[in-house]
């Protein structure tokens, strides 16, 4: 790729994803700031105020997906930068459910444009290592959550500083990724490289295999992000510092994604997804019955489960359904985030009416369904492989 600095673009992409991920950790810490003991919102109201982080993400991905091919990766990347900046400023000014809702919407849209632009960028730069490099790129989602969680804990719980200082730390990776992307040439998307028409692309997202993966994305994303986004309330009776559990979970996820190449080679994407669903189910159940130090053991099992969900779902589509292009990746990411926007208020109501254990038990239904779904996927892919060699 002549005139394209892949290393600089990949580093900038990782920093953009760190910005995205830090918003998740910082938002989790803001739950107690705006909750019953702070501003006075109920946990259900918090769920509605935080929901735009996910459906805003979905809107940006559904819009950004087709536009990446039309306008180019660079323009969508700058749209991400601008909406990120606006969202961070509005979060600093938030003082009610409505203002928090609007701020979260802009942050969510920024996060969505990051994924809409940069998943196709990584896939285009590394066409022979898609699943491996998408996993390596997505190291920085859990990595960024670790950074955000530790900063939140240090700034608010250890140093006793204001939540506004915690939110302001988001400007650091934002400015750096803006500088790194500035003036850089970017490749066209893989679909454009392959010469696949819009008609072929839109037809391909109606294929049964793609629709099945979209359904599974609803459940994988809700299992992972629904749980981690509400960890402050879910685990406040089990451990003294839930943000440290969040950092622990995402530290394991970052390490796992860093070495995803060897796992992909051995298990193939469908096998990775099946094992992920099994560990996620066990981890969620363990979280309902543990407290204190044992919570970290349960969290480790859960982390092993959710580590490969998001990037492997994207990698599967990029590898086996490349004709879906940037639109396919955007629909997948958008479906995942939309599912979380539905789950958050439901979890809030369960926690308001009952307890955190009930919410976790309800969430464990999702990976249970996925175990059956991914068993079927493994059988299908093995039969497809056999048929292609005949």
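Residue numbers (our numbering): 1466 to 1855. Even glycine gets a Cβ: it sits at the ideal position worked out from N, Cα and C. Keep in mind the model is a prediction, meaning the values are calculated, not measured.
Expected contact under 8 Å - CB spacing of residue i and residue j to nearest Å
i	j	result
residue 1518	residue 1572	6 Å
residue 1614	residue 1472	That pair is no contact at about 28 Å.
residue 1800	residue 1683	6 Å
residue 1548	residue 1567	In fact, because the Cβ distance is near 12 Å, the residues do not count as touching under 8 Å.
residue 1748	residue 1767	3 Å
residue 1810	residue 1513	5 Å
Three-way DSSP call (helix, strand, coil) for residue i in this model
i	result
residue 1630	helix
residue 1860	Since the first residue of the chain shown is 1466 and the last is 1855, residue 1860 is not available in this structure.
residue 1556	helix
residue 1594	coil
residue 1468	coil
residue 1724	coil
residue 1702	coil
residue 1851	helix
residue 1764	helix
residue 1653	coil
residue 1826	helix
residue 1755	coil
residue 1478	helix
Euclidean distance between Cα positions of residue i and residue j
i	j	result
residue 1482	residue 1579	7 Å
residue 1576	residue 1754	34 Å
residue 1790	residue 1484	25 Å
residue 1840	residue 1626	49 Å
residue 1526	residue 1598	20 Å
residue 1635	residue 1845	43 Å
residue 1680	residue 1796	11 Å
residue 1630	residue 1639	15 Å
residue 1617	residue 1646	27 Å
residue 1815	residue 1773	28 Å
residue 1531	residue 1744	35 Å
residue 1652	residue 1596	19 Å
Status (buried if at least 16 other CB within 10 Å, exposed otherwise) for residue i
i	result
residue 1480	buried
residue 1658	exposed
residue 1849	exposed
residue 1702	exposed
residue 1670	buried
Residue i CB to nearest heavy atom of the ligand ZN below 7 Å
i	result
residue 1526	With respect to the ligand ZN, the structure offers nothing, as it holds no ligand at all.
Neighbour flag for residue i against chain D, beta carbons, 8 Å
i	result
residue 1697	Within the model displayed, chain D is absent; a lone protein chain is all it includes.
Would you be able to state if there are at least three C-beta pairs under 8 Å between the region 1560 to 1569 and the region 1493 to 1510?
Yes, the region 1493 to 1510 touches the region 1560 to 1569.
Taking three-plus beta-carbon pairs below 8 Å as touching, is the region 1685 to 1697 in contact with the region 1798 to 1806?
Touching, per the Cβ criterion.
Segment contact flag, the region 1748 to 1765 with the region 1504 to 1513, C-beta cutoff 8 Å, min 3 pairs:
Three or more Cβ pairs closer than 8 Å define a contact, and the region 1748 to 1765 falls short of that threshold against the region 1504 to 1513.
Contact between the region 1705 to 1714 and the region 1823 to 1831: three or more CB pairs below 8 Å?
Counting Cβ pairs under 8 Å, fewer than three are found: no touch.
Assess contact between the region 1602 to 1612 and the region 1716 to 1724, defined as three or more Cβ pairs (one per stretch) separated by less than 8 Å. Is contact present?
Three or more pairs of CB atoms, one per stretch, sit closer than 8 Å, so the region 1602 to 1612 contacts the region 1716 to 1724.
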